[in-house]
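Structure, as structure tokens:
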Amino acid sequence: MRRITVVVLSVFIAWGLLIAPSSFAAEKGKHKFLPDIPKTWTQIYPDDVAPGFEYDGLEPSCAACPGCDPQYSFFVKGGKTNNLVVYFQGGGACWDSMNCLYFPTYSREVPSLAKFDNTTGMGIFDAKNPDNPFKDWYFVYIPYCTGDIHWGANDFTYPYGTGSWTIRHRGFVNFKLVMQWVEENFQMPFRIFVTGSSAGGYGAIMGFPTIKEAYPDSQVYVLGDAANGIVGEDFQEDSIFNWDIQVPTWIPGFEAGYTPDMEISDVYLNIADYYTDSKLGQFTTAWDWNQTFFYYVMLNIDDPGSWETGWPAEWCSWNSKMLDYAYETADGAPNYRYYIAAGDYHTIMMSPEFYTEDSAGVSFAKWVKMMVNNPLNPHWGPPGGKWQNVECTDCLDPLPCP
Numbered sequence: 000m001r002r003i004t005v006v007v008l009s010v011f012i013a014w015g016l017l018i019a020p021s022s023f024a025a026e027k028g029k030h031k032f033l034p035d036i037p038k039t040w041t042q043i044y045p046d047d048v049a050p051g052f053e054y055d056g057l058e059p060s061c062a063a064c065p066g067c068d069p070q071y072s073f074f075v076k077g078g079k080t081n082n083l084v085v086y087f088q089g090g091g092a093c094w095d096s097m098n099c100l101y102f103p104t105y106s107r108e109v110p111s112l113a114k115f116d117n118t119t120g121m122g123i124f125d126a127k128n129p130d131n132p133f134k135d136w137y138f139v140y141i142p143y144c145t146g147d148i149h150w151g152a153n154d155f156t157y158p159y160g161t162g163s164w165t166i167r168h169r170g171f172v173n174f175k176l177v178m179q180w181v182e183e184n185f186q187m188p189f190r191i192f193v194t195g196s197s198a199g200g201y202g203a204i205m206g207f208p209t210i211k212e213a214y215p216d217s218q219v220y221v222l223g224d225a226a227n228g229i230v231g232e233d234f235q236e237d238s239i240f241n242w243d244i245q246v247p248t249w250i251p252g253f254e255a256g257y258t259p260d261m262e263i264s265d266v267y268l269n270i271a272d273y274y275t276d277s278k279l280g281q282f283t284t285a286w287d288w289n290q291t292f293f294y295y296v297m298l299n300i301d302d303p304g305s306w307e308t309g310w311p312a313e314w315c316s317w318n319s320k321m322l323d324y325a326y327e328t329a330d331g332a333p334n335y336r337y338y339i340a341a342g343d344y345h346t347i348m349m350s351p352e353f354y355t356e357d358s359a360g361v362s363f364a365k366w367v368k369m370m371v372n373n374p375l376n377p378h379w380g381p382p383g384g385k386w387q388n389v390e391c392t393d394c395l396d397p398l399p400c401p
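When we follow numbering that gives the first Met the number 0, the leftmost residue of the sequence shown carries the number 0, and every step to the right adds one.
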């Protein structure tokens, strides 16, 4: 049964009267409903806010690969309005000894707080850019260091040398820790924008239902950046088993968990059909080199010597499958839109291209504004234009395709 959230004017008025919980003391004055989170970036460690936290019997952790620091933490920044951005960091993936241990293709440690010292030019994180639709919003940044695109809750032992090594695929465990903190500090944001880049784009769409369930009366949006899910068959089989992929089992289509025949279009369609009052979107360039690279690695996991040079052979196949998935999702979900830009660059939400990209005939920054404005109806756009599917016409094809 679809979940329908009825939003009436009295709800919006009531939001202004809410008091934030005591994890961060509420601000004194006219904005009592806003949590008193520092306006500068702050790093938060699990033991400081949730000692002993576990999900599915696992504590928060990074991958704990050889020579890696397993310590997990996350980052937050205060805002001026009762709106929240939840951002999932990207950074590759791994599902085999070859790319988990021998030739790692994923981020293995939490970035330092210095990453946020200067956010000029960092897309939606650039609070000084007047064109940033999120410059006054609260931010929660969920680091990624587990190789499982934020979906995992499993420690898996891989063959390594003459023995073995256990990788902690605990991306979803870490997300649940962050969500506990969010729920303790935000009673009812007016709007929540869930997004992430590359691997973080997958975290965003799979984490979105949990966030929506926590805040059923908030307007919650999700935008996947450069995470179009073109995968190989062996990857599907291995990742499901190795990661123990966590899915929203209350949503029709996910009752049996994540199955080998499930595609990213199925994930979006299932979620869009259940949360019809929310907007879901995806961004990609038409020839994303990094997504094509990982598609090639999936097809050639046992030949790491070819990874760096062989991947262009799959450019046409990746492009064709990406378009099929985008069109299929758009045809089946009236609350979903895609933006397909020209070129082959990878990710946009944390880059200057957030403000300059317009190859599909509309500014990407404006397209995102259309998405998050007019929250009473997911299918209308603001007075400045309608939120719609857009695609480049001159996509800067890097090679001819059959």
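Positions of the beta carbon are idealized from the N, C-alpha and C atoms, including for glycine.
Item: Where residue 239 and residue 181 are concerned, what is the direct C-alpha to C-alpha distance, given to the nearest angstrom?; Value: 28 Å
Item: Taking the C-alpha atoms as reference points, what is the distance between residue 107 and residue 197?; Value: 15 Å
Item: On the DSSP letters alone, give me the boundaries of the beta strand (DSSP E) that residue 269 sits inside.; Value: Run containing residue 269: none in the beta strand (DSSP E); it sits in the alpha helix (DSSP H), 263-273.
Item: So residue 250 and residue 270 are supposed to be a Cβ contact under 8 Å. How far apart are they, rounded?; Value: 6 Å
Item: Who are the near neighbours of residue 354 in its chain, counting only those whose CB is closer than 7 Å to its CB and skipping five residues on each side?; Value: 128, 130, 364
Item: Grouping DSSP H, G and I as helix and E and B as strand, with all else coil, what is residue 303?; Value: helix
Item: Output the distance between the C-alpha atoms of residue 319 and residue 293, rounded to the nearest integer angstrom.; Value: 16 Å
Item: At which residue ranges does the region 182-238 contain complete beta strand (DSSP E) runs of 3 or more residues, listed in the order of the chain?; Value: 190-196, 218-224
Item: From the DSSP secondary-structure annotation, give me the bridge partner or partners of residue 283.; Value: 339
Item: Residues in the same chain with beta-carbon distance under 6 Å from residue 147, minus the five sequence neighbours each way, listed in chain order, please.; Value: 168, 170, 242
Item: Among residues of its own chain, excluding the 5 on either side of residue 37, which ones have a beta-carbon nearer than 7 Å to its beta-carbon?; Value: 77
Item: Would residue 456 and residue 175 be called neighbours here (beta carbons separated by less than 8 Å)?; Value: It is not possible to answer for residue 456, since the shown part of the chain is limited to 0 through 401.
Item: Can you find the residues in the same chain that come closer than 7 Å, C-beta to C-beta, to residue 234, ignoring five residues on each side of it along the sequence?; Value: 94, 297
Item: Are the Cβ atoms of residue 124 and residue 349 separated by less than 8 Å?; Value: yes
Item: For residue 48, I'd like the list of residues in its chain whose CB is within less than 6 Å of its CB, leaving aside the five on either flank, ordered along the chain.; Value: 180
Item: Cα separation between residue 403 and residue 268?; Value: The structure shown has nothing for residue 403, since the chain only spans 0 to 401.
Item: Based on the DSSP output, what are the partners of residue 42 in its beta bridges?; Value: 74
Item: Tell me whether the beta-carbon of residue 178 lies closer than 8 Å to the beta-carbon of residue 213.; Value: yes
Item: For residue 23, which of helix, strand or coil comes out of DSSP?; Value: Any reading at residue 23 must be qualified, since the residue scores a pLDDT of 48, below 50, and its modelled position is unreliable; the value itself is stated next. Reduced to three states, the DSSP call for residue 23 is coil.
Item: Select from 164, 153, 289 the residue whose C-alpha is nearest the C-alpha of residue 245.; Value: 153
Item: I'd like the list of long-range same chain contacts for residue 375, defined as Cβ closer than 6 Å, with 5 residues on each side in sequence excluded.; Value: Residue confidence is low: residue 375 scores 45 on pLDDT, short of 50, so the model does not pin down where it sits. No coordinate-derived value is stated.
Item: Have a look at 57, 74, 102 and flag the residue whose alpha-carbon is nearest the alpha-carbon of residue 300.; Value: 102
Item: Have a look at the DSSP bridge pairing and note the partners of residue 105.; Value: 91
Item: Are residue 145 and residue 67 close, meaning C-beta to C-beta below 8 Å?; Value: no
Item: Under 7 Å from any heavy atom of the ligand NAP, does the C-beta of residue 220 make it?; Value: In the structure shown, the ligand NAP is absent, as is every other ligand, since no ligand is present at all.
Item: Can you tell me the Cα-Cα spacing of residue 90 and residue 202, whole angstroms?; Value: 11 Å
Item: Quick one: what does DSSP say residue 123 is sitting in, helix, strand or coil?; Value: helix
Item: Can you tell me where the alpha helix (DSSP H) holding residue 324 begins and where it ends?; Value: 314-331
Item: Should residue 33 be labelled buried (16 or more other beta-carbon atoms within 10 Å of its own) or exposed?; Value: buried
Item: Helix, strand or coil for residue 5, going by three-state DSSP, please let me know.; Value: Because residue 5 carries a pLDDT of 39, less than 50, the predicted location of this residue cannot be relied on, and the following value inherits that uncertainty. Looking at residue 5 - three-state DSSP - the assignment turns out to be coil, as it is neither helix nor strand.
Item: Starting from residue 173, follow its DSSP beta bridges and name the residues at the other end.; Value: For residue 173, which the question treats as bridged, DSSP gives no partner whatsoever.
Item: What's the call for residue 399, buried or exposed, on a 16-neighbour Cβ count within 10 Å?; Value: exposed
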